[in-house]
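Chemist:
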Amino acid sequence: MNNQPSPYGSAPLARQTRVRIPHLKQMKREGQKWAMLTAYDMYSAIIFEEAGIQVLLVGDSASNNVYGNESTLAVTVDELIPLVRAVSRSTRQALVIADLPFGSYQASSEQCFHTAARFMKEAGAHAVKLEGGTEVLPQVEMLTRSGIPVMAHIGFTPQQEHQLGGYRVQGRDEDAQRLIDVAKAFEAAGAFAILIEMVPGDVGRAITEAVSIPTVGIGAGNQCDAQVLVWQDMAGLRTGRLPRFVKQYADLRSVLHNAAKDFALEVSTGAFPGPEHTF
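Be aware that the sequence shown starts at 8, since it is given in this note's numbering, and climbs by one per residue.
1. Any beta carbon of chain C sitting closer than 7 Å to that of H284?
2. State the DSSP-derived secondary structure class of K254, mapped to helix, strand or coil.
3. Looking only at its chain, what residues have a beta carbon closer than 8 Å to the beta carbon of K254, apart from the 5 residues adjacent to it on each side?
4. Return yes when the Cβ of E138 is within less than 7 Å of the Cβ of A196, no when it is not.
5. Tell me the residue span of the alpha helix (DSSP H) that contains Q33.
6. Do V143 and I161 have their CB atoms nearer than 7 Å?
7. Let me know the alpha helix (DSSP H) ranges lying completely inside the stretch 25 to 96, each 4 residues or longer, listed in chain order.
8. What residue does the beta strand (DSSP E) around E138 start on, and which one ends it?
9. Restricting to runs no shorter than 3 residues, where is the beta strand (DSSP E) found entirely within the stretch 147 to 203?
10. Can you check DSSP and say which residues form a bridge with D106?
11. Keeping to the same chain, check which residues put their C-beta closer than 8 Å to that of E117; ignore five residues upstream and five downstream.
12. Could you please give the first and the last residue of the uninterrupted alpha helix (DSSP H) stretch that includes T276?
13. Would you tell me roughly how many angstroms separate the C-alpha atoms of R25 and R185, rounded to the nearest one?
14. Quick check on DSSP: helix, strand or coil for A213?
15. Can you say whether K268 is buried or exposed, counting buried as having 16 or more other CB atoms within 10 angstroms of its CB?
16. Could you give the DSSP three-state label for T222: helix, strand or coil?
17. On the premise that L102 lies in contact with H133, defined as a C-beta separation below 8 Å, what is that separation, rounded to the nearest angstrom?
18. T98 and A52 - do their beta-carbons sit closer together than 7 Å?
19. Give me the Cα-Cα distance between K35 and W41, rounded to the nearest whole angstrom.
20. Can you tell me whether L236 is helix, strand or coil according to DSSP?
21. Helix, strand or coil: how does DSSP classify S17 here?
22. Less than 8 Å between C-beta atoms, sequence neighbours within five positions excluded: which residues of the same chain meet that for P282?
23. Can you tell me which of the three DSSP states P207 falls into?
24. What is the DSSP secondary structure of F126, counted as helix, strand or coil?
25. Expressed to the nearest angstrom, what Euclidean distance is found between the alpha-carbon atoms of D67 and Q61?
26. With a cut-off of 8 Å on the beta carbons, I'd call A159 and F193 a contact; round off their distance for me.
27. Using a Cβ-Cβ cutoff of less than 8 Å, which residues in the same chain neighbour T246 once the five nearest sequence positions on both sides are dropped?
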């Protein structure tokens, strides 16, 4: 056993113990915040786990961060399953959550169950995430009754961007109470956590205080129990205008650009491969 204090709660955990939902709930009770990042491949998953990221989300954001689409709407279940499988196979401690993509769960609770079951059985996901309001409460209830943990996603829900009129902050003024009520309804339906996207900070705090399950903020202020970012945004791989809630912790794009440029130069001049790289 590892006798050092665990980052997942006050009780010591074995070195290779998987982060579980009770650990996250315990951290909320004890006021310990935790971090979540997206991951879509083996190396990013391994690096993030080694860095102490407790939860990895294989998001439908792979649509525009891996597959080159303009939004999250185009990605399919069959495209996401191999990415989830790569992340779950490569990690030993992080909790791996799979996003349910647009069109794979909204039609009915039965459709939702079969989609989620594929992510659990074929890809090794430990939980799933779905977007929406009270209209998807039956789906959450079905999954939790079936033993599939669910993270709900409220506030700005990218899969509904056309209906919402684009990327707009949600929960302003009288809409704040509606979001609080939706969060409570998801908790009652069995969700183990709630992701809150693009709402005013005071609304993020109010939702966090209103429920006993962990909240994960992305553009929801610093009072949520956890925070999540898309890893390409966090590491500076993405260019162009960034959302206000993104902080870049590195300039990975420049690092990769310079490395590729140096490689191309050395190949063109004959400097690579040198004698030390030759059999």
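Every residue, glycine too, gets a C-beta built ideally from N, C-alpha and C.
Modeler: The answer reads as follows:
1. The structure shown contains no chain C, having only a single protein chain.
2. coil
3. L236 and M241
4. no
5. I28 to E37
6. no
7. 28 to 37, 49 to 57 and 69 to 72
8. A134 to E138
9. 157 to 162
10. K136
11. M149
12. L259 to T276
13. 35 Å
14. helix
15. exposed
16. strand
17. 5 Å
18. yes
19. 9 Å
20. strand
21. Its pLDDT being 38, under 50, S17 is placed unreliably in this model, and the coordinates cannot settle the point.
22. none
23. coil
24. helix
25. 19 Å
26. 4 Å
27. R260
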